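Take 25 as the starting number for the sequence shown in our numbering and just add one per residue.
These notes are about the structure you will find just below.
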Amino acid sequence: MIPDNFYDPLVEEVLMDAAENFFGARRQLDGIIDLFQSFVEAVRKKEADIAVSAGFLNYLLLDGMIARDFYEAIHINSPAVLLEGQLSDKTVPDQTPFAFTVKGEFTRFVLQAYDDLQQACNEYIHGKPDDGSRLEKNDAYYNLLMNMCDLINEKVRHVNTNMSPRSVLQFARRFDAEAEGKENIIGGMVFGGDGINEKLAYHPIDFDSLQLKKYPELPKQEQVVSKITSFCKKSYSGNKNEIRQRVSDVKEKIRSFQTRLDSHIS
Numbered sequence: 025m026i027p028d029n030f031y032d033p034l035v036e037e038v039l040m041d042a043a044e045n046f047f048g049a050r051r052q053l054d055g056i057i058d059l060f061q062s063f064v065e066a067v068r069k070k071e072a073d074i075a076v077s078a079g080f081l082n083y084l085l086l087d088g089m090i091a092r093d094f095y096e097a098i099h100i101n102s103p104a105v106l107l108e109g110q111l112s113d114k115t116v117p118d119q120t121p122f123a124f125t126v127k128g129e130f131t132r133f134v135l136q137a138y139d140d141l142q143q144a145c146n147e148y149i150h151g152k153p154d155d156g157s158r159l160e161k162n163d164a165y166y167n168l169l170m171n172m173c174d175l176i177n178e179k180v181r182h183v184n185t186n187m188s189p190r191s192v193l194q195f196a197r198r199f200d201a202e203a204e205g206k207e208n209i210i211g212g213m214v215f216g217g218d219g220i221n222e223k224l225a226y227h228p229i230d231f232d233s234l235q236l237k238k239y240p241e242l243p244k245q246e247q248v249v250s251k252i253t254s255f256c257k258k259s260y261s262g263n264k265n266e267i268r269q270r271v272s273d274v275k276e277k278i279r280s281f282q283t284r285l286d287s288h289i290s
């Protein structure tokens, strides 16, 4: 006669595997969600960097006076998010670009400011060039987050549908005639019957609810250098006094920064 507990070790192994698959899948999903959230925070910091870069360019372009016209000149249809940026000392150049005239200095300032902004936006949207190194939190970028969100939501649907707490209890019930009663007790007293799935279910991530800024794709400086140069010449002619003052203020900030730097070094 086969003892009653002959199959106990096998049953225990099967149930342990089922439990490990269930909790392992949830631990893995929790880890991916935590990683995603850390990437979101890293991208938010890049938003601040872009706002600073955009703010300096807006300042050179007299803010609302000609900044919007500038983006229209290089065919950027949705520049509103860039126009929000305000001037910060963090983006003052290290030195004044060489030029024979104030108009030339203005043009060179604008070209450099645009180049910095274009590179910042491109890195924000597409990330740094892949050099084969391990992806770090600071390397996170907008498109990566969109793809991660889709993959996480797919995993959420899989776990909620195929690895629900209720299904695990029902699986365990097949190995023990008393399991049905145990399941009802556990489900009824602890998890509220059929509500166990709802209480422990994962919720998909609503990407839009993160409210990350969607910056426009900016063409590389060499692709629009002629348009920018032409715009600067035209704008200078119509706003000479205002632009002269802005250039003078920027040059003064550069001199002040250099003085503080030299003082600190000495």
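From the three backbone atoms N, C-alpha and C, an ideal C-beta is built for every residue, glycine too.
This structure is a prediction, so every number in the text was calculated from the model and none was measured.
Across the structure, Q245 and Q136 are spaced so that their CA atoms are roughly 9 Å apart. Shown here for F94: same chain residues with a beta carbon closer than 7 Å to its own, the five before and five after excluded, namely L85, F255 in chain order. If you ignore the 5 residues before and after M89, its C-beta comes within less than 8 Å of the C-beta of N263, E266, all in its own chain and listed in chain order. About 7 Å separates the Cβ atoms of K277 and D113, confirming a contact at the 8 Å cut-off.
Assigned with DSSP and collapsed to three states, E147 falls in helix. The residue from R268, K70, D139, K237 with its alpha-carbon nearest to that of A104 is K237.
Under the criterion of beta carbons closer than 8 Å, A72 and L106 do not qualify as touching, at roughly 14 Å. Going by beta carbons, P121 and E129 fall inside the 8 Å limit.
Residue nearest to Q143 within the set V134, H99, P243 is P243 (criterion: CA-CA distance). Put simply, the backbone Cα of Y260 is about 28 Å away from that of N146.
In the DSSP assignment, M170 falls within the alpha helix (DSSP H) that extends over 166 to 186. In this structure P228 is not in contact with V183, their Cβ atoms being roughly 11 Å apart against a cut-off of 8 Å. The beta carbon of A164 lies closer than 7 Å to those of F63, A66, V67 in the same chain, with the five residues before and after it left out. In the three-state reduction of the DSSP assignment, F63 falls in the helix class, which pools H, G and I. In the DSSP assignment, F231 falls outside any alpha helix (DSSP H), carrying neither H nor E. Annotated three-state conformation of A137 is helix, per DSSP.
Here the alpha carbons of Q52 and H99 stand approximately 44 Å from one another.
Sorting V249, L59, L141 by C-alpha distance to the C-alpha of F80 places L141 at the top. Non-local C-beta neighbours of R268 in its own chain, meaning closer than 7 Å and more than five positions away in sequence, comprise V126, ordered along the chain. Judged by beta-carbon spacing, L169 lies beyond the 8 Å limit of G151, meaning their Cβ atoms are not closer than that value.
In the three-state DSSP reduction, D118 falls in the coil class, being neither helix nor strand.
A direct Cα-Cα distance of roughly 10 Å separates D174 from D230.
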